[in-house]
Amino acid sequence: MKILFYTTNSIALISNFIDVVYFRFTLKRTTSDIFNFLSVGGDFKKLIPKFIADFWYIPLISIVFIIALIRISSFIKVKDVVAPTFKYYLSQSIFFVFTMIVLVLGIRGGLQLKPLEIINASKYAENKNVPLVLNTPFTIIKTIGLPALSNKIYFKNTIELCKTYNPIFVASSNDSVNDFRKLNVVIIILESFSQEHIGALNDIKGYSGFTPFLDSLIKKSVYVKGFANGKRSIEGIPAILAGIPTLMNEAYITSMYSGNKINSLASLLKTKGYNTSFYHGGSNGTMGFEAFTKIAGFDTYYGRSQYNNEKDYDGKWGIWDEPFLQNYAKQLNTIPQPFLSSVFTLSSHHPYKVPDKYKGKFKKGHLEIQESIMYADYSLEKFFETACKMTWYDSTLFVITADHTSEAYLDYYQNNVGMYAVPIIFYMPNNNLKLDSSQIGQQIDIMPSVLGFLNFDKPYFSYGNSVFDKKKSHFNITYINSEYQLIKDDYVLKFDGEHAISLYQITKDPLLKNNLMNKEMSKAREMESFIKAVIQQYNNSLINNKMIVE
């Protein structure tokens, strides 16, 4: 019994201490999907020694607490009863029943009809402080074995539901095959490139950021007020390439719905004769990207194995950005046009290293990541220097975004809105693109935006909208800590699955201090109705495997 007691409590303590570090990347308590995440690809085992070295104080504190647990519990002595009497049995039975009642109430969280859930933490703290109320063993236990989604019937009338929000896109009657523009499409996904790091996207006096090249490219591009749909790479890739957000506790790639029939930029553009490819310098199989791109219809996956030059291996995640992007440009030169291709960088990932030959070249900021952000930006500049000399360059639409945000230093990027702010940039050489930079855009808008720009004339399924379509609603939706968040019309709404719980106006209240739920009830009801429509369409289409237009 002692072994069981020490083992279970040690695991609980260690899981809490791990979240002291892991929380800064995900901004949520770890849930049971961590086990699926760790089983996808082999990177985690290789990185354990590095994580222990970087965060050495976490194992040390864990050991101290475990020793303290053992020492304190050793003071509890169990007395042997030589000749137990009826009175003894009676008193012990009463004490046992009382203890079991207290234990059950403690496990349930009180006398309420339903046991305590993760979402209940929002009753006792502001949204940003909910993880402080929770503990990691609780969030893991509460999410083990749960179905990822449940059918929703907020709207009983299908016509009303689709009028509020419809993920099925149908080409207008004016579209024709001849209108389709067979342009090449290159989607560049930059690891952890928060908007905070980009000087051109921050109107802050004296702030230059850490991306001089991207700043210069933005001046020739169009962009929106961009937001990610998740906090992890494994959530960002499906959102960007297939318009699928993760509105559940588990990432789509590792969920029970990952085998659903889906459409993506690759599968849709292949119907127009496109060659499709995905490039990532990480080890093949990492985070399930290779499997996902195959399901999504990509012809080619090009990873560390295909690169086949370990001299450029960073020793942790994969191939350094500069050589990998140079190789990427040369590979594109061998692909028949038109093509759709995406590349996902990795050097600006923890442990945030730069090649030895560049140490001291890039400035350091308040955050450790910012030196590696500058290296990634430099690598991007070298990519464009090479690519602009190639024949396919002038007829290519470039989309530049991030997989998710990083840790933040500036106050705005630490709140529930800024923590999702990423670049969403459209660039095409010698083309006068037009777009309202104050308009909201999100990762799941990238697929319909590209298809809309190309005048794609076939029906398809996407949870996002084209940023070039002024008639569509432009919004951002995310899910974290068992709460949904909707950004729309300069407002942000928090929703617990049944009721709206907070409403803030972003421009007037950028740090989200003034809850308007009781002051702007009509706006809250309007946004609540919209988010319910999105959730109902999302849950039911995933559950029923209805994510394509047949």
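Heads up, the sequence shown is in the working numbering, so the first residue is 1010 and it goes up one at a time.
Note that beta-carbon positions come from the ideal geometry of N, C-alpha and C, so glycine has one too.
Contact belief for P1457 with N1474 at Cβ below 8 Å, rounded distance in angstroms: 6 Å
Cα-Cα separation, P1140 to I1150: 15 Å
Rounded separation between N1175 and V1543 - CA only: 8 Å
Validate contact between the segment 1184 to 1203 and the segment 1458 to 1466 using beta carbons, cut 8 Å, 3 pairs: yes
CB contact flag (F1484, K1467, <8 Å): no
Own chain residues within Cβ distance below 6 Å of T1302, not counting five before or after: F1287 and Y1310
Boundaries (first-last residue) of the alpha helix (DSSP H) holding T1309: That residue, T1309, is in no alpha helix (DSSP H); its beta strand (DSSP E) goes T1309 to Y1311.
Whole-number beta carbon distance between N1284 and P1247, since they are thought to touch under 8 Å: Actually they are not in contact, since the Cβ atoms of P1247 and N1284 sit about 21 Å apart, beyond 8 Å.
Strand pairing of L1512, partner residues [DSSP]: L1502
Same chain, Cβ closer than 8 Å to L1022, neighbours up to 5 away in sequence not counted: S1071, F1074, I1075 and L1078
Contact check, Q1451 vs N1238, beta carbons under 8 Å: yes
Close beta carbons around A1180, own chain, < 6 Å, minus the five adjacent residues each side: D1466
Cβ neighbours of M1428 in the same chain (closer than 8 Å, five flanking residues each side left out): L1036, K1240, T1414, A1417 and Y1422
Residue range of the alpha helix (DSSP H) that includes Y1337: D1330 to L1341
DSSP state of T1487 mapped onto helix, strand, coil: strand
Segments of 4+ residues assigned as alpha helix (DSSP H) that fall wholly inside the segment 1165 to 1246: 1167 to 1173 and 1221 to 1227
For K1497: DSSP bridge partner residues: F1484 and Y1500
Proximity test, Cβ basis, 8 Å: I1168 and chain C: Looking for chain C here will not work: only one protein chain is present.
Residue range of the unbroken alpha helix (DSSP H) whose run includes L1274: L1274 to K1279
N1548 - DSSP class collapsed to helix/strand/coil: helix
Same chain, Cβ closer than 8 Å to K1391, neighbours up to 5 away in sequence not counted: E1331, L1334 and Q1335
At least 3 beta-carbon pairs within less than 8 Å: the segment 1378 to 1386 vs the segment 1197 to 1205: yes
Collapsed DSSP secondary structure at P1540 in the structure displayed: The question names Pro, yet the displayed sequence has Ile at residue 1540. I1540 falls in the helix class under three-state DSSP.
Limits of the unbroken beta strand (DSSP E) element including L1406: T1405 to A1411
Pairwise C-alpha distance: K1479 and C1603: Because the chain here runs from 1010 to 1559, residue 1603 falls outside it and cannot be looked at.
Three-way DSSP call (helix, strand, coil) for Q1448 in this model: coil
Proximity to P1162 [Cα-Cα], best of V1231, S1550, E1559 and M1556: The sequence given here has Ile at residue 1162, not Pro. Of V1231, S1550, E1559 and M1556, the residue nearest in Cα terms is S1550.
Spatial distance of T1152 from I1253 (CA atoms): 22 Å
Cβ neighbour criterion (16 or more within 10 Å) applied to L1520: exposed
For I1434 and V1233, the rounded distance between their alpha carbons: 7 Å
Closest Cα partner of N1424 within the set D1445, T1148, N1138 and I1012: N1138
Per-residue DSSP class, three states only, for M1556: strand
Any 3 or more C-beta pairs closer than 8 Å across the segment 1201 to 1211 and the segment 1288 to 1300: no
Integer Cβ distance of S1273 from A1251, believed to fall under 8 Å: 4 Å
Cβ-Cβ distance between P1432 and T1410 below 8 Å: yes
Nonlocal neighbours in the same chain, by C-beta distance under 6 Å from L1419, ignoring five residues either side: E1205
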